[in-house]
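2 protein chains.
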Amino acid sequence: MSLRNIYLSMIPLEQARQLTLEAFGRTTKRHESLQASEATGRVLAKAVFAAVSSPPFHVAAMDGYAIRAEETFHASEQSPVFLQEEKNAFAVNTGQVLPESCDAVVMIEKVTPEKMGLRLEAPVFPWQHVRKIGEDIVATEMLFPATHEITPYCIGALLSGGVRQVPVLAAPGVLILPTGSELVDAKRDPALLKPGEVIESNSHVLGKLSEACGGRWIPAPSIKDEVQLLAKCIEEAASREDVDIILTVGGSSAGSHDFTRLAVEEIGEILFHGITMMPGKPVVLGKVAEKPVFGIPGYPVSAILAFEELVRPLIRSLLGRPDIPRPRCPVFLSRAIPSKLGLEEFVRVRLAEVYGRTIAAPLPRGAGCITSITEADAILRIPAHSEGMAAGSEAMAELLRPMEEIHNTLLVTGSHDNALDLLANELKPMGIRLSSSHVGSMGGLLAIRSRSCHMAGSHLLDPEDGSYNQSAIRRVLPDTPVCRLHLAVRIQGFIVAKGNPLKILHVQDLARPEVRFINRQPGSGTRILLDYELKKNQMAPHTIRGYDNEETTHMAIAAAVLGNSADTGLGIAAAAGALGLDFVPLTPETYELIFPLELEETPRIQAVIKILSSEAFRQALEKLGGYDTKKTGTIIRPEKSQG
Amino acid sequence: MSLRNIYLSMIPLEQARQLTLEAFGRTTKRHESLQASEATGRVLAKAVFAAVSSPPFHVAAMDGYAIRAEETFHASEQSPVFLQEEKNAFAVNTGQVLPESCDAVVMIEKVTPEKMGLRLEAPVFPWQHVRKIGEDIVATEMLFPATHEITPYCIGALLSGGVRQVPVLAAPGVLILPTGSELVDAKRDPALLKPGEVIESNSHVLGKLSEACGGRWIPAPSIKDEVQLLAKCIEEAASREDVDIILTVGGSSAGSHDFTRLAVEEIGEILFHGITMMPGKPVVLGKVAEKPVFGIPGYPVSAILAFEELVRPLIRSLLGRPDIPRPRCPVFLSRAIPSKLGLEEFVRVRLAEVYGRTIAAPLPRGAGCITSITEADAILRIPAHSEGMAAGSEAMAELLRPMEEIHNTLLVTGSHDNALDLLANELKPMGIRLSSSHVGSMGGLLAIRSRSCHMAGSHLLDPEDGSYNQSAIRRVLPDTPVCRLHLAVRIQGFIVAKGNPLKILHVQDLARPEVRFINRQPGSGTRILLDYELKKNQMAPHTIRGYDNEETTHMAIAAAVLGNSADTGLGIAAAAGALGLDFVPLTPETYELIFPLELEETPRIQAVIKILSSEAFRQALEKLGGYDTKKTGTIIRPEKSQG
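So, in structure tokens, the structure goes:
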């Protein structure tokens, strides 16, 4: 209890990194010898010198005849020189060694075979068309200095320079020890997990990240939350010669089950505990038997960031190499990002090129969500002294994917529909990545207005005339001519538990006191639809239990019902079907993809139109259930009054 | 003979690439199943969907007590609520499953244990500090689409989503068949090569490049230059199920020993032969049993460029992935680069950041030199319609190394001295890369003047007063205050064959008719020294045989003597010693590193000063032979009149 939320010494990230490198960042003394041809990606322990020259002899650089240049110095059209094959002119192919007496090659086109011999009408300069010994590599010259990283190209120079074995630095051994009584091995069947059991995945992520930067992952089985056991495992690991760095994963915070710090204190010393970064605050660095022991937090994004900001620079430093920083790129924010003062925050964002600018849309989810980083294209670093960034402002993003991939991204903002996954899967092989950000129908139209997306998914009912999207577009986008691409008519209804135990059949049932409802966020088409239905039935929102509890996607509504945190919510049949829940149809509605007319001819929009017009897509959509695809793929052009 | 220099259809590179992709660029149908945890770097063959939700249950997001929120709605300071442990408040740690009845977690700091129970003075909202089921991943949702490339992060999402096996595309099999009767296996002792034998290194370079972009290298032993044998080997390779692409290396040109085209014509068809690119012109593409057969040229740089421009895009396309283009960066040319009209030229350049600009210095050597690409930092692409680029002009470079490494480059231009290798090796572990460009002493001072290098190696004798560098600096750099960092006094002399068979002892000996001399280029300090010695001895340059034959480094002079293309040249003892040659001392001279005063405090210059002042460096230098290090590391500041 005494430790709770009291970190030993909460320090800024930059300081933590310097402390880490000062304490442990020395090039490893462990060397090994490898075949040069198998050393790609490894780092030279010592400078390497050429054993032979390349070429090892004077060789022909062209097909032709090897000759002695001075015999041709007086050759001219008027007074040609005649050379005799196999006497003073020797046929050679590119790469062949020159006969001892020769010092030049004349191209075959320059000689004419005649009775008197090979006729030559112009002088040849010494060493013409000859690759001289050592032209590429001179024996004894240094090929690469110590700590040079070997690329496939280098292998060519090493082998040509007669170097068959190279001394390389041993890959730093990174022992990863997952902790937590709840963990089960990733090989176990996930369908058979007991309540409270969690698949151990962090060590695989960190292990592969270690390998990617030149380390060697030494896996260790996960252990229970027990101080003595943890201390014993760390001590054993530290005594191994092949282990350079120890990572414990989980238990690095300051809760009653967080034992990393206690264990390290028993067998070594703590250098710091707690970093003013988010995610990744609860990091421990200790020293046991002169080796670094990192307590890495158990939330996956925290674990990844702690690794990349602290452990990776250390691994690189053991290899005598600089860290591998992420490539950077200036971006514009699609919305404001608030941030906590005093913490350096790492915000995961999606990127897309829209109207020639790179737009960054923050991903909403927390450190516990691995998908918040697998779906991210970049990370924005908000300094500790900042309270956040305004919408539209420029920031520097650190890229997680190549810019080319980002530039081929179709950014769909707005309402969420499961059909977008289908679309994404069809676009991918065409080299286009669909990135969708779920902010509700109205949010999508606003993003079109602020020029921060390509398309908006929208199903905004006009309660006056029962039409969809038209009125909202007229109101929100009076000056932007947009096209409406029909995705489908889909059924909205109540997502309920299997067998509909509470017998929810009508809107009125939502007012029953035992029914726990889960709502969608304001601005979403589904929320507008609910409010319309309530009004039609003269029901007040506050009569519905859970009206103020909100989720932002159909799948999240379905998950809430599956997890029994709600009894029902309004959503689409596909979401209910995906989780094996039941569905009570309420009303059909039109779902459209809205895009600015001026983007219509761009390849990304054209690809979407093409897919939506295909029979295969229509069939796949109908298989999801709850979709009417009669008008799928049709386009409604902007009204004249708009243009 | 009929084929000589007649390519079937010389086409531009872009057209060749399109032709290649149109003919063969389809995502492979060969799939395999891999453990998710072992699939880093592989490409998904099908979309992957989550088998379980993550978290699989509602879990605590904080350490504290799991409670039922509605029991706290009326709590306030005035009227606290008391909860009972194990009845309606259950101690939970982060990640623990919530008891069935609970829907919120209250942090431990917010409750006070008292006699009446746990005192709570504020309401708790439903689902506060709870990670709801499926918050990260909802079972059945698509985790990644087909052709997604799996990163270490992805493994976290796959395992958390209960996916243990993933369907991936088989790595395209690239069979590499080196051809050439001169080739010997890289495992052979290079010291025992017979004249004309060449170590086969290209297949290793191309094999590792194939692996780096997602292919699988299938090695094949090298074969002799024989049409029938080549055709048979290609046919056999094409019939293998695991082979998707065949590369023959060497023999793709149009000479009498270039059999690739003939062999392919016998068993299949030729799509093109010859590309208007340099290096890399003689590329063949054929089709045998519906599979692509590339005839790759044998010069190492040609082979690499042909691979990267044509084969890599194809491998990526078989993987349903875009090509991996090199990152780009604008640069300024340190000197003019002429280029042949009608050929797209790939010029290898060194880069360094000098005065805030990225400077590109072209590397001089040809397609036969693997070191022209291992030493390069970037490639400049000069379009076919251009005759070259002017000095100082801006161009777009394609990077071969991370920009960070380039930014830590110390660019030394000017005279060449073997001590620069020593210096490079000392700088490397300090994170500084020394890049040296050998253009002679005068060229170095001119580079200082044009602000296109950091330091210039210089040993320019003033024949009037016997001083070094001072007069030249006054003449060439009247407005640039520079410092002169003393590297060493070194001995210049005649590099001669072992035993000095021609008994070359004095300058006068150079005029003997049987002595073949090899000279240094104009502007080099060594050339000035020679001309000074000739003048002193009243000898005319044309009396010396070979006066017009030039090399640009001491090592090249030594290599010329070793290779018996000259009997002697002027150079330093270290170069003679490196190749086991003899050395006849002529005169000592001062070698200095010149740098602009305004750069003195920069870390790169400071690092050089520090190394040159160290005892270790002095000792290493003396071990090379021919250096007097008494003044090594001393600095002569700019004259007052200059500043």
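Residue numbers (full-length UniProt numbering), protein chains in the order written: chain A, 1 to 643; chain B, 1 to 643. Yeah, the Cβ is synthetic: ideal placement off N, Cα and C, and Gly gets one too.
Residue i: first and last residue of the uninterrupted beta strand (DSSP E) it sits in
i, result
"MET142/B", "142 to 144"
"ARG326/B", "ARG326/B -> no beta strand (DSSP E), and no H or E assigned at all."
"ILE67/A", "64 to 67"
"LEU410/B", "409 to 414"
"residue 644/B", "Because chain B here runs from 1 to 643, residue 644/B falls outside it and cannot be looked at."
"THR590/B", "582 to 596"
Neighbour flag for residue i against chain B, beta carbons, 8 Å
i, result
"LEU193/A", "yes"
"PHE57/A", "yes"
"GLN228/A", "no"
"ALA511/A", "no"
"CYS453/A", "no"
"GLN619/A", "no"
"LEU13/A", "no"
"GLY571/A", "no"
"residue 653/A", "Past the boundaries of the shown model lies residue 653/A; chain A is included only from 1 to 643, so the question cannot be answered."
"LEU485/A", "no"
"ILE495/A", "no"
"LEU3/A", "At LEU3/A, the pLDDT of 40 sits below 50, so the modelled position is not reliable and the matter cannot be decided from this model."
Through-space distance from residue j to residue i, alpha-carbon basis
i, j, result
"GLN492/B", "LEU570/B", "7 Å"
"ALA51/A", "PRO300/A", "49 Å"
"LEU310/B", "SER33/B", "29 Å"
"ASP421/B", "GLU211/A", "31 Å"
"ASN5/B", "ALA352/B", "Residue placement at ASN5/B cannot be trusted, given a pLDDT of 42 that sits under 50; the coordinates are not used to answer."
"ALA170/A", "ARG316/A", "12 Å"
"GLU70/A", "VAL81/A", "11 Å"
"GLY443/B", "PRO221/B", "47 Å"
"LYS630/B", "ILE518/B", "31 Å"
"SER76/A", "TRP127/A", "19 Å"
"HIS542/A", "ALA237/A", "59 Å"
"PHE259/A", "VAL97/B", "20 Å"
"LYS224/A", "SER437/B", "60 Å"
"GLU615/A", "SER441/A", "27 Å"
"ALA574/B", "SER53/A", "17 Å"
"LEU13/A", "TYR153/A", "37 Å"
Run of the alpha helix (DSSP H) containing residue i, from where it starts to where it stops
i, result
"CYS453/B", "Counting along the chain, CYS453/B falls outside any alpha helix (DSSP H), and DSSP gives it neither H nor E."
"PRO152/A", "152 to 160"
"HIS31/A", "Unbroken run through HIS31/A is the beta strand (DSSP E), 31 to 35; no alpha helix (DSSP H)."
"LYS300/A", "Rather than Lys, the amino acid found at residue 300/A in this sequence is Pro. Its alpha helix (DSSP H) spans residues 300 to 306."
"TYR532/A", "525 to 536"
"CYS233/A", "227 to 239"
Proximity of residue i and residue j at Cβ, strictly below 8 Å
i, j, result
"THR409/B", "ILE448/B", "no"
"ALA303/B", "GLY342/B", "no"
"VAL264/A", "ILE245/A", "no"
"ALA186/A", "LEU247/B", "no"
"LEU624/B", "GLY577/B", "yes"
"ALA376/A", "SER334/A", "no"
"PRO279/A", "LEU285/A", "no"
"CYS102/A", "ARG131/A", "no"
"GLY214/A", "GLY41/A", "yes"
"ALA336/B", "ALA390/B", "yes"
"PHE125/A", "LEU44/A", "no"
Integer-rounded CB distance, given that residue j should sit under 8 Å from residue i
i, j, result
"VAL331/A", "ILE373/A", "So it is not a contact: roughly 17 Å between Cβ atoms."
8 Å Cβ cutoff, residue i in contact with chain A
i, result
"LEU579/B", "yes"
"VAL138/B", "yes"
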